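**Student:** Remember, the numbering used here sits 5 above the position in the sequence shown when you count from 1. I am attaching a structure below and will ask some questions about it afterwards.
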Amino acid sequence: MIGFDNVGRAIELVFIHTDTGILIFHANYLTTGFRKEYNDGLRRSKR
Numbered sequence: 006m007i008g009f010d011n012v013g014r015a016i017e018l019v020f021i022h023t024d025t026g027i028l029i030f031h032a033n034y035l036t037t038g039f040r041k042e043y044n045d046g047l048r049r050s051k052r
C-alpha cells in the first residue's frame, strides 16, 4: 500500500519484473486470470 485516495480507499500498486523492465499497475486491475498466470510462472521459474 502506498497511501489513500481522497475518500480514504487504500491505493496499492503491483510491481512485476519482466524481461524488458518493470510493469507497475494499480492492484484493483489485477484480474484473477492474470494473478493465476503470474503465480504459475513463479512456480515454473523456481523449478
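Think of the CB as a built atom: it goes at the ideal place given N, C-alpha and C, for glycine as much as any other residue. These numbers were taken from a predicted model, which means no experiment stands behind them.
1. What are the boundary residues of the alpha helix (DSSP H) that includes Leu-28?
2. Could you work out which residue in Phe-9, Asn-33, His-22 is closest to Tyr-43 when comparing CA atoms only?
3. CB-CB under 8 angstroms to Ile-27, same chain, minus the five flanking residues each way: which ones, in chain order?
4. How long is the line joining the alpha carbons of Thr-37 and Thr-25, rounded to whole angstroms?
5. Under three-state DSSP, which class holds Gly-46?
**Tutor:** Let's see:
1. In this chain, Leu-28 is not harboured by any alpha helix (DSSP H); it is covered by the beta strand (DSSP E) spanning 26-31.
2. A check of alpha carbon separations from Tyr-43 across Phe-9, Asn-33, His-22 identifies His-22 as the nearest.
3. Excluding positions up to five away in sequence, the list reads Phe-20, Ile-21.
4. One C-alpha to the other measures close to 24 angstroms.
5. The answer is helix: DSSP assigns Gly-46 an H, G or I state.
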